[in-house]
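One structure is given here, and the rest of the page talks about it.
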Amino acid sequence: MSDIIDEVISSFRTSSIFVNREYLMPDYIPDELPHREDQIRKIASILAPLYREEKPNNIFIYGLTGTGKTAVVKFVLSRFHKKFLGKFKYIYINTRQIDTPYRVLADLLESLDVKVPFTGLSIAELYRRLVKAIREYDSQVVIVLDEIDAFVKRYNDDILYKLSRINSEVNRSKVSFIGITNDVKFVDLLDPRVKSSLSEEEIVFPPYNAEELEDILTKRAQMAFRPGVLPDNVIRLCAALAAREHGDARRALDLLRVAGEIAERLKDSKVKEEYVHLAKEEIERDRVRDIILTLPFHSKLVLTAVASMSSEDNVVLTTGAVYETYLNICKKLGVEPITQRRVSDIINELDMVGILTAKVVNRGRYGKTKEIGLAVDKNIIVKSLIESDSRFADLWG
DNA sequence: CATCCACAGGAAGGACGGGGGT
DNA sequence: ACCCCCGTCCTTCCTGTGGATG
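Shown next as structure tokens:
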């Protein structure tokens, strides 16, 4: 038994490809962030008042995914924290992961060393405790709210409003906010009061171009890979592919890492270009699979309906047509169907996670509907559906 | 130029299963 | 023991709508 474990561990440790894979992981914050010097300088200068234990202005940060927003913010804050230890506290919350109002507040409290039950209390009660906790806290607090656009779209700007008012409920101002968003138009959704209070300073993160991505990848690769296993053209390919997708550095790093993992799995001594293409597919496959596996039952049925109709080539699907197919599937499985209203929302949800594409169209005389199609390979969807629930297997005889 | 299609999507609320404070 | 909370799915009822058609 322990032999097997030892064997696995030792082969894992003696990787022929990687020195340390960690440097390619999405949550790794490197010591230097190339091509983000301007943003670092600007954020640092806004946060500088922390040194005198004064409240910095609130900051709003815009930029597409993988443009280094999170990394830069974490980088500056942790450097500051090390430099003037104990003069402030910072709390980072990704509101895509911590995705309910309750959990955001609970997380804030937790970070301030206040224990709260993970359910049961009212939002108002949590807020009251948060005000109390901050009042009793004797130094500055910086709260980073990452991906708040997704959060506000799902709920509303209620908590943001409450949070932005927290300073006025505490004897002296000591809470600053850094809001990070992928969606530039997001501010329009905000209450004007929230907007003006939260975006005292605004910073934009432009996408990386292929050259910059290559630079970033090269630096990371030097730390992550063994010398000589990674040809330059592989890095260039990863950079090029990611540049095509709006300069997403995280995507580029993922490609590089998974390509390396594939090389390792195949016991190859070098990372080849073809592995990058394989990596791209593997990343996509895993993403889709993970999403489908955790989908509610009726969402899977709706997806099944769309997938089954997508075999007939280039038929434009509408909500009504999908719903009919869905009803048929329900009948076959002996399942009580849900309403079209709900199915309409489910289609939007599947669009949001990138499995379907749904576009609202007006067809004049022929009404308003959605044009629906698969956003990813059908085989991946069908495979994942069957894996997630054996009942689906019969539908694809 | 009004009409009218085939839905979109907001509002309110409910059942249910996770849990509270006092 | 009592009445309260939240998040997740879902229903019911509803008003809104761009443009091809007549």
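Once you know that position 290 of the first sequence is 290 in the UniProt record's numbering, the rest is easy, because the numbers rise by one and skip nothing. Built from N, CA and C at the ideal position, the CB exists for glycine as well.
Cross-strand partners of residue i (DSSP beta bridge)
i, result
"Ile93", "Leu145"
"Lys368", "Asn362"
"Gly373", "Thr357"
"Phe88", "Gln140"
Rounded separation between residue i and residue j - CA only
i, j, result
"Tyr23", "Ser139", "33 Å"
"Ile386", "Val335", "17 Å"
"Val271", "Leu230", "5 Å"
"Arg193", "Lys132", "23 Å"
"Phe60", "Glu201", "6 Å"
"Ser308", "Glu169", "56 Å"
"Gly260", "Lys280", "12 Å"
"Asn348", "Pro34", "37 Å"
"Ile166", "Phe75", "26 Å"
"Lys378", "Arg135", "54 Å"
"Ala263", "Glu282", "13 Å"
"Val382", "Thr304", "8 Å"
"residue 413", "Val376", "For the chain, the structure presents residues 1 to 397; residue 413 sits outside this window and is missing."
"Leu333", "Asp290", "24 Å"
"Leu213", "Asp31", "16 Å"
"Glu125", "Val116", "11 Å"
"Ser111", "Arg244", "39 Å"
"Leu350", "Cys330", "19 Å"
"His246", "Ser173", "39 Å"
"Leu301", "Met352", "17 Å"
"Thr95", "Asp3", "43 Å"
"Leu395", "Thr100", "36 Å"
"His277", "Ile338", "40 Å"
"Gly228", "Ser269", "9 Å"
"Tyr323", "Gln340", "6 Å"
"Cys238", "Ser78", "29 Å"
"Gln97", "Arg265", "31 Å"
"Tyr102", "Leu130", "12 Å"
"Phe205", "Thr325", "44 Å"
"Arg257", "Lys153", "32 Å"
"Tyr275", "Leu145", "36 Å"
"Ser10", "Met223", "21 Å"
"Arg36", "Lys219", "14 Å"
"Tyr28", "Asn20", "12 Å"
"Glu273", "Gly68", "26 Å"
"Ser199", "Leu47", "14 Å"
Distance between beta carbons of residue j and residue i, contact taken as under 8 Å
i, j, result
"Tyr127", "Lys162", "6 Å"
"Ser344", "Thr319", "6 Å"
"Asn156", "Thr65", "So it is not a contact: roughly 23 Å between Cβ atoms."
"Ala150", "Tyr208", "At roughly 22 Å, the Cβ-Cβ gap does not stay under 8 Å, so Ala150 and Tyr208 are not in contact."
"Ile180", "Thr70", "6 Å"
"Leu293", "Ser384", "7 Å"
"Leu241", "Leu253", "That pair is no contact at about 12 Å."
"Phe225", "Ile17", "6 Å"
"Gln39", "Ile203", "6 Å"
"Lys368", "Ala358", "Contact flag wrong, Cβ pair sits at about 13 Å."
"Asn58", "Ser197", "7 Å"
"Lys55", "Pro49", "7 Å"
"Val104", "Ile93", "6 Å"
Enclosing alpha helix (DSSP H) for residue i [first to last residue]
i, result
"Phe60", "Per DSSP, Phe60 belongs to no alpha helix (DSSP H); it is in the beta strand (DSSP E), Ile59 to Gly63."
"Ile43", "Glu37 to Leu47"
"Leu24", "Where Leu24 is concerned, there is no enclosing alpha helix (DSSP H), given that its DSSP letter is neither H nor E."
"His266", "A small fix is needed here, since residue 266 is Leu in this sequence, not His. Unbroken run through Leu266: none, as it is neither H nor E."
"Lys300", "Phe297 to Met309"
"Val322", "Thr319 to Leu333"
"Leu385", "Lys378 to Ser388"
"Thr14", "No alpha helix (DSSP H) contains Thr14, which DSSP labels as neither H nor E."
"Leu77", "Lys69 to Lys83"
"Asp286", "Glu273 to Leu293"
"Val343", "Gln340 to Met352"
"Val104", "Pro101 to Ser111"
Minimum length 4: unbroken alpha helix (DSSP H) runs contained in the segment 114 to 201 = For the segment 114 to 201, the continuous alpha helix (DSSP H) assignments of 4+ residues that do not extend past its boundaries occur at 123 to 136, 148 to 154, 158 to 164, 166 to 169 and 192 to 198, in sequence order.
At what residue ranges does the segment 201 to 260 contain a whole run of the alpha helix (DSSP H), taking only runs of 4 or more?
-> As for any alpha helix (DSSP H) of minimum length 4 sitting wholly inside the segment 201 to 260, the runs are 210 to 224 and 232 to 244, ordered along the chain.
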